[in-house]
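Notes follow once the structure below has been shown.
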Amino acid sequence: MNEHQRHVKARENILRGETPEKRIFVHMADLEEKKKREEEVRAERERVNERMDVLKEARTPWFCPKCNKIMKQRLDDKMYKLYNHCFDCQIKFENKLRIEDKYEDWEQKRVLNNQLSYIKDQIQSVEDWKDETDSSPTIFNQVGVKDVELVQEKWSNNREAIDKMSEEALGGLNKIKEEVEEKLNSFAI
């Protein structure tokens with residue numbers, strides 16, 4: 022007897038005033054599977070929380086940490102990423118520096134810090150280029166239309182010219198770096 026027939030029979034018994042056949046349902050859960058499922062859910066939550074913690078630093082908060090103003094403008098986002106406060110706080114800070122006649126020094130210091138960062142990046146790229154050219158490159162070419170074969174070419178580097186160019190570049194960049202650091206150390210802000 023299928024489930025539908027059992028329901029029909031139960032309704033007929035109820036209409037006749039009889040008590041229908043009682044059925045007892047027992048629900049059992051596999052405890053090991055339940056624990057395993059809970060551990061999977063917990064592990065997934067931990068992974069999500071780790072990702073959220075990493076991304077939390079990259080997000081702009083709703084309120085400025087200094088003045089608690091709502092940061093909803095595009096300039097607020099930009100200033101928060103640069104200075105960790107809203108655009109209004111940055112305007113107040115720059116205005117204070119102008120009143121104290123320190124704004125030009127602060128601005129020059131920011132420019133010099135940017136120059137120094139760029140020079141360090143260039144020095145690193147020259148050193149990386151020099152390291153990459155330590156070994157001679159091997160080039161693989163595909164030759165043929167019907168019968169395709171792979172031809173290997175071994176190129177040679179002019180090590181002396183590479184060393185000379187890299188030393189000249191590094192010497193010039195280090196000289197500029199020292200000048201910028203000297204200018205930067207002369208500022209009091």
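Numbering (our numbering), first residue to last: 22 to 210. From the three backbone atoms N, C-alpha and C, an ideal C-beta is built for every residue, glycine too.
Go ahead and label residue i buried or exposed: buried means 16 or more other beta carbons lie within 10 angstroms of its beta carbon, across all protein chains shown.
i: R32; result: exposed
i: I140; result: buried
i: E65; result: exposed
i: Y104; result: exposed
i: C88; result: exposed
i: Q26; result: exposed
i: M100; result: buried
i: V201; result: buried
i: Q111; result: buried
i: D168; result: exposed
Using CA coordinates, which residue listed in the options is at the minimum distance from residue i?
i: Q173; options: E121, S138, V164; result: V164
i: E128; options: H106, T40, F208, I183; result: F208
i: E39; options: N206, I45, K30, F46; result: K30
i: E199; options: I144, W150, N23; result: I144
i: E203; options: I35, P86, K130; result: K130
i: K102; options: N162, K56, D122, E78; result: E78
i: D152; options: I183, E42, L171; result: I183
i: H106; options: P86, I112, R119, K123; result: P86
i: E181; options: M49, T154, K117; result: T154
i: L137; options: A190, I197, E170; result: I197
i: A190; options: L171, W150, L52, I120; result: W150
i: R44; options: E24, K56, D126, E115; result: E24
Using 8 Å for Cβ pairs, my map puts residue i next to residue j. What's the rounded Cβ distance?
i: M92; j: P82; result: 7 Å
i: R177; j: S157; result: A small fix is needed here, since residue 177 is Ser in this sequence, not Arg. Yes, they are in contact, since the Cβ atoms of S177 and S157 sit about 5 Å apart, within 8 Å.
i: L96; j: F108; result: 4 Å
i: L205; j: N135; result: That pair is no contact at about 11 Å.
i: V147; j: L194; result: 7 Å
i: K175; j: T159; result: 6 Å
Q: Run through the region 120-191 for me and flag every whole alpha helix (DSSP H) of 4 or more residues, listed as ranges in chain order.
A: Those alpha helix (DSSP H) runs which fall completely within the region 120-191 and span 4+ residues are 124-153.
Q: Within the region 26-112, note down every full alpha helix (DSSP H) run reaching 4 residues or more, in order along the chain.
A: The region 26-112 contains these whole alpha helix (DSSP H) runs: 52-77, 95-104.
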